[in-house]
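The structure appears right after this line, and notes come after that.
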Amino acid sequence: MAGKKGVHFGGGNIGRGFVAEFLHNSGYEVVFIDVMDAIIEKLQNAKSYEVKEIGPSGEKTFTIDNYRALNSKYDMEKVVHEIATADTVTCAVGPNILKFIAEPIAKGIESRQSSTPVAVIACENAIGATDNLKGFIMEKLSDDTKSKLNSKARFANSAVDRIVPIQDEDAGLNVKIEQFFEWCVESPPFEGNPPDIQGVYYVQDVQPYIERKLFTVKTGHATAAYCG
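Just so it is clear: in the sequence shown, position 44 is 25 by my numbering, and no numbers are missing.
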């Protein structure tokens, strides 16, 4: 039986240091998708990188491997194939970029042959990010796929909370990240069969968790900045 595969849009610090760490620790092969040549080339040329968690009790370092990387500027057909055969599709690209990744995701959903729907989860700093992404994807889907979408894909909003400090100049692909994390994902779209991702907290309604983050973490940052 083939192993689990997670396609992730965004090869930045959150993608490598948060989402990919969770997927890797849960037994997924991770396929990074990005348009930044430098990031993709580094990922393609390195067999692994390190994530260093920093917390009150000290530091812990984890090695992330079992990944591949594709540049969607040049390898769109391969990107679509990876999505068509993936178990999960996640992204950490910024809310304004969701409309640009919708087309390859839509094409991948159109091409799916698996009887298990792919889980689509946007990991963005915004309320209803997956809903927004789904809206862009729906614009690209055929009427036939729309009529049976529930058998091809499930869309769940999420709230992610983990601080990524300024990285060392010579860090390369390695990422320093805080030990504390919270990744809440809506459970209703999966109808009792959510993706098996260690560390994810499945909830009925994710909005309170997003609002809590925005109103507490962001307020704390702003207060510290104002006070100097």
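For each residue, glycine too, the CB sits at the ideal point set by N, CA and C.
What are the start and end residues of the beta strand (DSSP E) that includes residue i?
{"i": "Arg135", "result": "Ala134 to Ala137"}
{"i": "Tyr55", "result": "Where Tyr55 is concerned, there is no enclosing beta strand (DSSP E), given that its DSSP letter is neither H nor E."}
{"i": "Lys157", "result": "Val156 to Glu159"}
{"i": "Phe81", "result": "From DSSP, Phe81 is part of no beta strand (DSSP E) but of the alpha helix (DSSP H) over Leu79 to Ser92."}
{"i": "Ala100", "result": "Val99 to Ala103"}
Check whether the Cβ atoms of residue i and residue j sit closer than 9 Å, and answer yes or no.
{"i": "Gln148", "j": "Val141", "result": "no"}
{"i": "Phe(-10)", "j": "Val145", "result": "no"}
{"i": "Glu91", "j": "Leu122", "result": "yes"}
{"i": "Tyr162", "j": "Ala100", "result": "Residue 162 is actually Phe in this sequence, not Tyr. The answer is no: Cβ separation not under 9 Å."}
{"i": "Pro37", "j": "Gln160", "result": "yes"}
{"i": "Gly(-13)", "j": "Thr69", "result": "yes"}
{"i": "Tyr48", "j": "Val74", "result": "no"}
{"i": "Ala134", "j": "Gln94", "result": "no"}
CA-CA distance, residue i and residue j?
{"i": "Ser128", "j": "Lys199", "result": "40 Å"}
{"i": "Glu58", "j": "Asp15", "result": "14 Å"}
{"i": "Gly(-4)", "j": "Thr197", "result": "23 Å"}
{"i": "Pro85", "j": "Leu79", "result": "11 Å"}
{"i": "Met(-18)", "j": "Gln25", "result": "The predicted position of Met(-18) is uncertain, since its pLDDT is 40 and thus under 50; a value taken from the coordinates is nonetheless stated next. So the alpha carbons of these two residues sit roughly 26 Å apart."}
{"i": "Leu51", "j": "Gln188", "result": "32 Å"}
{"i": "Ile35", "j": "Arg143", "result": "11 Å"}
{"i": "Pro169", "j": "Ala206", "result": "38 Å"}
{"i": "Pro175", "j": "Cys208", "result": "43 Å"}
{"i": "Ala103", "j": "Thr44", "result": "24 Å"}
{"i": "Asn106", "j": "Phe136", "result": "17 Å"}
{"i": "Lys(-15)", "j": "Ala67", "result": "7 Å"}
{"i": "Asp112", "j": "Ser132", "result": "18 Å"}
{"i": "His62", "j": "Tyr55", "result": "14 Å"}
{"i": "Ala27", "j": "Pro76", "result": "29 Å"}
{"i": "Asn(-6)", "j": "His5", "result": "15 Å"}
{"i": "Phe3", "j": "Asp125", "result": "34 Å"}
{"i": "Met119", "j": "Ile82", "result": "12 Å"}
{"i": "Glu40", "j": "Val181", "result": "22 Å"}
{"i": "Glu22", "j": "Ala152", "result": "15 Å"}
What residues match up with residue i in a beta bridge as DSSP calls it?
{"i": "Tyr9", "result": "Lys(-15)"}
{"i": "Asp15", "result": "Asn52"}
{"i": "Ala271", "result": "Outside the modelled stretch of the chain, which goes from -18 to 209, sits residue 271, for which no answer is possible."}
{"i": "Lys33", "result": "Thr42 and Lys157"}
{"i": "Thr212", "result": "The structure shown has nothing for residue 212, since the chain only spans -18 to 209."}
{"i": "Thr71", "result": "His(-11) and Ile102"}
Under DSSP, the alpha helix (DSSP H) around residue i begins and ends at which residues?
{"i": "Gly(-8)", "result": "From DSSP, Gly(-8) is part of no alpha helix (DSSP H); its letter is neither H nor E."}
{"i": "Glu192", "result": "Gln188 to Arg193"}
{"i": "Ala206", "result": "Lys199 to Cys208"}
{"i": "Thr126", "result": "Asp124 to Ser128"}
{"i": "Lys115", "result": "Ala110 to Met119"}
Contiguous beta strand (DSSP E) assignments of at least 3 residues, all confined to the stretch 143 to 186: 156 to 159, 163 to 167 and 181 to 184
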